[in-house]
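Just so we're aligned, residue 142 is where the sequence shown starts under our numbering, counting upward by one.
Cβ coordinates follow ideal geometry from the N, Cα and C atoms, glycine included.
All values derive from a computational prediction rather than experimental measurement.
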Amino acid sequence: MAKYTREVILNTLNKQMEIFQSFMRGLTPAQLSQPCTNSEVPGAAPWTPKDHIPHAARVERAFVRLVESTIAGEADPIGIVRGGGSGKGTDFASWVHQSNQQNVEENHDRSLDDLLASLDKTRARTLTFLEGLSDEQLTMPVPSAPWADSTVGGILATIGHHQVQHLNWIKEGLSKQETLSNS
């Protein structure tokens, strides 16, 4: 039996979205705009909790496109082998970090409600996409995928795990900021 069944994926996505959105809505405006995590781009502005929302939506859309490409039979859906944008290996990671930072900067001034509505819209598309997948497609391997068990289902479940990872980084960053301000 597959590890990432439709039920497991749905439960993961729904539970993690509820936790993520509840936490974000519970932050004060000052907390939402407080720098809490460093950018992976040297010299770039740190991310605020609110900045993590468009990043989560962007990654979710990217993972769904990755799965769509896999199902369509693309041999290198991630793009690591062919260079994925600007190069291989470290250059690929640098390209990802730059793209993430650009996305955060483009969305930085949007309201919390607007960002969460966009994330909801992205999730609705993901769930509709998931509904159309067969059980066999959920077990398809995703070439070069380093996430979960490297299957379509694992990649889709990783969307929820990605949100939780960012939530943990936000909590850690805000806690450090609070400790510094109380010193």
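> Should R199 go down as buried or exposed, given a rule of 16 or more other Cβ atoms within 10 Å for buried?
Replying inline: buried
> Going by the beta-carbon positions, is the gap between E344 and R147 smaller than 8 Å?
Replying inline: Look at the range of the chain in this structure, 142 to 324, and you will see that residue 344 is not part of it.
> Is Q157 near G314, with beta carbons less than 8 Å apart?
Replying inline: Not in contact: Q157 and G314 (Cβ atoms no closer than 8 Å).
>> Judging by CA-CA distance, which residue of A213, I160, L274 and E181 is the nearest neighbour of V237?
In response: Measuring from the Cα of V237, the nearest candidate turns out to be E181.
> In chain order, what residues of the same chain have a beta carbon less than 7 Å from the beta carbon of I296, not counting five sequence neighbours either side?
Replying inline: F204, L207, V208, V283, A286, W288 and A289
>> For S227, count the other beta carbons within 10 Å of its own beta carbon; 16 or more makes it buried, fewer makes it exposed. Which is it?
In response: Confidence is the limiting factor: at S227 the pLDDT is only 44, short of 50, which leaves the residue's position unreliable and the question unanswerable from this model.
>> Can you confirm whether the stretch 162-177 touches the stretch 304-322 when touching is taken to mean that 3 or more C-beta pairs between the two stretches lie within less than 8 Å?
In response: yes
>> Just to confirm before moving on: does the CB-CB distance between L256 and K191 stay below 8 Å?
In response: Yes, these two residues count as a Cβ contact at 8 Å.
>> Using CA atoms only, rank isn't needed, just tell me which of Y145, L151, Q172 and P183 is closest to L253.
In response: Looking at Y145, L151, Q172 and P183, the one whose alpha-carbon comes closest to that of L253 is Q172.
> Where does V222 land, buried or exposed, given buried means 16+ other C-beta within 10 angstroms?
Replying inline: Bear in mind that a pLDDT of 49 at V222, under 50, signals an unreliable position, so the number given afterwards is only what the model happens to contain. V222 comes out exposed.
>> Strictly by DSSP, which residues pair up with T292?
In response: P282
>> So, at 7 Å on beta carbons, what are the nonlocal neighbours of A216 in its own chain, with the 5 sequence-adjacent residues on each side left out?
In response: P284
>> Distance check for Q278 and P195, CA to CA, integer angstroms please.
In response: 28 Å
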